[in-house]
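In our numbering, the protein residues as written are 7 to 529. All residues carry an ideal CB built from backbone N, CA and C; glycine is no exception. It should be emphasised that the depicted structure is a prediction, and the values quoted were computed from it without experimental measurement.
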């Protein structure tokens, strides 16, 4: 379902107005919120109000000020003097103490993946203790089960969260944020909660958000996915350049208008990259009988210059297959992979790393960037052996390389020496893509290419990949966002139960056909 088509099906329920017909008194209100970093004004007199029991979306391009606003609410950033904030009519100091009526689930979730769900919840809410400070483990288990039961998730509370699914981790993060809070007036802030969730798990998260709202709690929902806004939210506020551009009832705006407000110019939310199918082009990648944790015998042929999409529900092997192709599998795999234009010899899938296929990983923060490194260091990391002689790095050559690719991809940064952690998510993603492209590959594997990326940057990435494809680059793309697959791919392979269940292309590649094939419905 496209963003434009989602609006009439919105399940949002508007909060009741006051008896005199005026809007209800806001549960959270901020005004004149500004924040300056050196010579940069990240927020300029931003105002926002959230009504009782509403889901209020906050949207904007990367760098628009969304993260700064959230961090000011969370007490991480101290705003400029003059900023005003009230919750339930009581003023509080932004950037300092956070009132109990505000709870947060940040994009990185703030979980310790080596610990289980029970320990992660206890880190937020404390352990049940008895005499001499000993932990009452049985009582702790019962409390953990009670907290998670609210969200209807069947989760092994003793298993490390590293082994949990993305939606299970998100549930634990939401449960941790709401611990000791029985609902009622208050605001839960969700920052990009679906950034890496598979298609079928997004609806499960939506059900949780609606359950929170049904208990009387308001939700401030930050997302780059416009279809989510129209399905879930009551109102939406748009930030651009650090300023609040508009606030609208979702029922009164469409996807095209919302995208244009975010970017400042006309944007097509149903954009399709200009890439032609190449069924007669030579095959550049062959995979045969690939097995893994989820895969159950996958065969693939990928042609030069095509953008092949891999789609399917969670557990079908959609995320595993790209990692196998790039030689980065996290579990035991078998099968054969070959690049016929390079060699007639087959490689064991377990040793596919030798094929030297670059990968843009699914989790940019954990797998893509080195947060302690500068932009230049992150970008040049894959070609250090080419940038100098006798083991010494030629800084001048590196600077030329970095300048070329940051300009080519439109990376917005204070400079090549700036820590990559200071960049927006979209610009970090561009650096990761550049690090792969600087190797001048014939084949590129992309996982979740637009996770946490605004619509303007998303279209820029679509255009870049389309241009490279037209020039001969072959791309294998996996995304939980059907919009990515529809916008970029010339052909899509749908996995079900670890096997290829369908193949879509040309006029047969529609959103309805894609979702039906993923879910196993008759098309």
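query	result
Which residues mark the beginning and the end of the alpha helix (DSSP H) in which residue 453 is found?	Per DSSP, residue 453 belongs to no alpha helix (DSSP H); it is in the beta strand (DSSP E), 449–453.
Quick check for students: name the residue ranges of the beta strand (DSSP E) that lie wholly in the segment 101–144, counting only runs of 3 or more.	108–111
List the residues that DSSP assigns as beta-bridge partners of residue 43.	46
So, for residue 146: in the same chain, excluding its five sequence neighbours on each side, which residues have a beta-carbon less than 8 Å away from its beta-carbon?	124, 128, 133, 134
Rounded to the nearest angstrom, what separates residue 340 and residue 505 at their Cα positions?	14 Å
What is the rounded straight-line gap between the Cα of residue 368 and the Cα of residue 171?	14 Å
Check this for me: beta carbons of residue 122 and residue 433, under 8 Å apart or not?	no
Can you list, in chain order, the residues of its chain with a C-beta nearer than 8 Å to that of residue 85? Leave out the 5 residues immediately preceding and following it.	39, 40, 41, 49, 78, 100, 101
Please name the residue, chosen from 212, 191, 144, that lies closest to residue 177 on a Cα-to-Cα basis.	212
For residue 408, which residues from the same chain have a beta carbon less than 8 Å from its beta carbon, with the 5 sequence-adjacent residues on both sides left out?	381, 382, 385, 386, 422
If you count every other CB in all the chains shown that lies within 10 Å of the CB of residue 87, and 16 or more means buried, which is it?	exposed
Does the Cβ of residue 148 have 16 or more other Cβ atoms within 10 Å, making it buried, or fewer, making it exposed?	exposed
Whole-angstrom Cβ separation of residue 363 and residue 353, contact assumed at under 8 Å?	Their Cβ separation, rounded to whole angstroms, is 11 Å, which puts residue 363 and residue 353 out of contact at 8 Å.
Cα separation between residue 338 and residue 301?	11 Å
In angstroms, rounded to a whole number, what distance separates the CA positions of residue 358 and residue 285?	25 Å
For the alpha helix (DSSP H) containing residue 516, name the first residue and the last one.	Element bounds for residue 516: n/a, residue is neither H nor E.
Whose C-beta lies closer than 6 Å to the C-beta of residue 315 among residues of the same chain, with five residues either side of it excluded?	483, 491, 495, 498
Please name the residue in 241, 261, 262 whose C-alpha comes closest to that of residue 253.	241
Pull up the distance between the alpha-carbon of residue 464 and that of residue 143, whole angstroms please.	47 Å
Quick one: is residue 523 buried, meaning 16 or more other Cβ sit within 10 Å of its Cβ, or exposed?	buried
Tell me whether residue 507 sits in a helix, a strand or coil according to DSSP, three-state version.	strand
Taking 8 Å as the cut-off, does the segment 280–294 touch the segment 103–113 (at least 3 CB pairs, one atom from each stretch)?	no
Assign residue 472 to buried or exposed, taking buried as 16 or more other Cβ atoms, counted over all protein chains shown, within 10 Å of its Cβ.	buried
Compare the C-alpha of residue 478 against each of 430, 152, 425, 313 and name the closest.	313
Determine whether the beta carbon atoms of residue 228 and residue 76 lie at a separation below 8 Å.	yes
For residue 525, name the three-state secondary structure that DSSP assigns.	helix
For residue 243, list the residues DSSP reports as bridge partners.	64, 253
Within 10 angstroms of the Cβ of residue 370, are there 16 or more other Cβ atoms? Answer buried if so, exposed if not.	buried
Measure the C-alpha to C-alpha separation of residue 305 and residue 444 and round it to an integer number of angstroms.	29 Å
If contact is defined by three or more beta carbon pairs under 8 Å, each pair taking one atom from either stretch, is the segment 243–260 in contact with the segment 319–326?	no
Please report how far the alpha carbon of residue 467 lies from the alpha carbon of residue 141, in whole angstroms.	51 Å
Report the residue from 159, 347, 61 whose alpha carbon sits nearest the alpha carbon of residue 220.	61
Looking only at its own chain, which residues have a Cβ that is under 6 Å from the Cβ of residue 35, when we skip the five neighbours before and after it?	55, 92
So residue 375 packs on residue 451, CB below 8 Å; how close in whole Å?	Their Cβ separation, rounded to whole angstroms, is 17 Å, which puts residue 375 and residue 451 out of contact at 8 Å.
Taking C-alpha atoms, which residue in 198, 526, 117 lies nearest to residue 431?	198
Beta-carbon separation of residue 418 and residue 426 under 8 Å?	no
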